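One structure is given below, encoded as structure tokens.
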Amino acid sequence: MAAKVLDSEAGVPDLLVALEQRFAQVDGYGIAREERSKLRRAGRYAETESLQYGEVRLTSFWRLLQTLPLTPEHRIFADVGSGTGKPVFCAAALEPAFDTCIGIEIVPALHEEACRVQAALQQGTPQEHTLAKRIQLHNADLFKAVDVWAQAQVLYIPCTCFTNDMMAAVHRLLLEDKVAPGTLIITTTRELTDKEGGRLAHVLTRQLPYQRGAITFHVYRKLQGSSANSSTTTSTSEAAPSSPMPGATTCTPTAESARAGNTKSHGAGESDARPMDKRSKR
Numbered sequence: 001m002a003a004k005v006l007d008s009e010a011g012v013p014d015l016l017v018a019l020e021q022r023f024a025q026v027d028g029y030g031i032a033r034e035e036r037s038k039l040r041r042a043g044r045y046a047e048t049e050s051l052q053y054g055e056v057r058l059t060s061f062w063r064l065l066q067t068l069p070l071t072p073e074h075r076i077f078a079d080v081g082s083g084t085g086k087p088v089f090c091a092a093a094l095e096p097a098f099d100t101c102i103g104i105e106i107v108p109a110l111h112e113e114a115c116r117v118q119a120a121l122q123q124g125t126p127q128e129h130t131l132a133k134r135i136q137l138h139n140a141d142l143f144k145a146v147d148v149w150a151q152a153q154v155l156y157i158p159c160t161c162f163t164n165d166m167m168a169a170v171h172r173l174l175l176e177d178k179v180a181p182g183t184l185i186i187t188t189t190r191e192l193t194d195k196e197g198g199r200l201a202h203v204l205t206r207q208l209p210y211q212r213g214a215i216t217f218h219v220y221r222k223l224q225g226s227s228a229n230s231s232t233t234t235s236t237s238e239a240a241p242s243s244p245m246p247g248a249t250t251c252t253p254t255a256e257s258a259r260a261g262n263t264k265s266h267g268a269g270e271s272d273a274r275p276m277d278k279r280s281k282r
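In the UniProt record's numbering, the protein residues as written are 1 to 282.
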């Protein structure tokens, strides 16, 4: 069955329109292109393979999030490869809101651009200020920041350009105990193959307009009792491919932003799954 294409224009909230306007001046593609050029000039050609950049449209991603079977237990959203932060800010604009929206980005310049947007929102309207408080942005390697993103109950993994080694390592991490049963996992282009069975359930597939073309999104739910056996699970340090850009910093423009990230994670159950518009306020 062909992936359903979602309409991304009609009926979006004013806050999302305001975010689109703020991001209109952000050139994530240009920043990523310059970072790849720096690596090539340094002779580090192999390290550019997994640093190809792409951006989803805010309105399109918002539409996708609206289709997810979210429950009150889905309190934390994380984007593992967040770039300039569009999906993170989009998730923070949802109502009912996530408690915390986390972005993990390895490229410092992209992370810094996301931090600038967050700082601008802190000085914006009361609604924008509230949105910004829900956001945590980290400049880090996803394989060295597992404890940060694994607490989320909704994981977005833009993995279109991941190497096979990276994909295998991410898959192993998703099956470990740190990622709770009931967690919803969103991938781009590439599917999560569950050869051993019974660990991941396919929820839906959608095609969305991207900034340049369109891309397919796959959504999975981690099942109850699906953690990998400790005797066979590869440790994070063993699983992680080499990182092209080491280092980890966190962007928290205000003390309030830091406090927003102290929310405890709760495993999301499967039995009470229901559409987003029925999710109760917390």
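C-beta: ideal position from N, C-alpha, C; glycine also. Quick caveat: nothing in here was measured; it's all calculated off a predicted structure.
Compute the Euclidean distance between the alpha carbons of residue i and residue j, then round it to the nearest angstrom.
i: Arg75; j: Val203; result: 19 Å
i: Glu73; j: Val179; result: 14 Å
i: Arg57; j: Phe98; result: 20 Å
i: Ala18; j: Ala150; result: 30 Å
i: Pro87; j: Leu64; result: 11 Å
i: Arg22; j: Ala214; result: 22 Å
i: Thr188; j: Gly103; result: 16 Å
i: Leu137; j: Asp194; result: 30 Å
i: Tyr210; j: Asp177; result: 33 Å
i: Leu174; j: Val80; result: 12 Å
i: Asp165; j: Pro158; result: 15 Å
i: Leu94; j: Thr71; result: 13 Å
i: His171; j: Ser37; result: 30 Å
Within a Cβ cutoff of 8 Å, which residues of the same chain sit near residue i, ignoring the five residues on either side of it in sequence?
i: Leu223; result: Pro181, Gly198, Arg199, Leu200, Ala201, Glu270
i: Leu16; result: Leu58, Thr59, Trp62, Cys90, Ala93
Relative to the C-alpha of residue i, which residue among the options is closest?
i: Ala92; options: Thr71, Val80, Gly83, Gln127; result: Gln127
i: Thr84; options: Leu94, Arg33, Thr125, Val26; result: Val26
i: Cys115; options: Ile135, Thr125, Gly124, Thr130; result: Ile135
i: Glu112; options: Thr71, Gly124, Ser82; result: Ser82
i: Arg221; options: Leu208, Ile185, Leu94, Gln207; result: Ile185
i: Asp14; options: Thr183, Thr163, Thr125; result: Thr125
i: Val12; options: Gln66, Thr163, Ser37; result: Gln66
i: Leu110; options: Gly30, Leu16, His171, Thr205; result: Gly30
Enumerate in chain order the residues of its own chain whose CB-to-CB distance from residue i is below 6 Å, with the five nearest sequence positions on each side excluded.
i: Ala132; result: Gln118, Leu121, Gln122
i: Pro108; result: Asn139
i: Cys90; result: Leu58, Phe61, Trp62
i: Glu191; result: His218
i: Glu20; result: Leu58
i: Ala78; result: Ile102, Trp149, Ala152, Leu155
i: Glu256; result: Here Glu256 scores only 35 on pLDDT, less than 50, and its place in the model should not be relied on; the value that follows carries that caveat. So the qualifying residues of the chain are Lys133.
Can you tell me whether residue i is helix, strand or coil according to DSSP?
i: Thr71; result: coil
i: Thr216; result: strand
i: Asp79; result: strand
i: Arg116; result: helix
i: Arg172; result: helix
i: Glu105; result: strand
i: Ala152; result: coil
i: Arg206; result: strand
i: Leu16; result: helix
i: Leu223; result: coil
i: Thr130; result: helix
Taking all protein chains shown into account, do 16 or more other C-beta atoms lie within 10 angstroms of the C-beta of residue i, making it buried, or fewer, making it exposed?
i: Asp141; result: buried
i: Thr100; result: buried
i: Glu55; result: buried
i: Ala24; result: exposed
Is the shortest distance between the beta-carbon of residue i and the beta-carbons of chain B less than 8 Å?
i: Ile215; result: The displayed structure is made up of one protein chain only, and chain B is not part of it.
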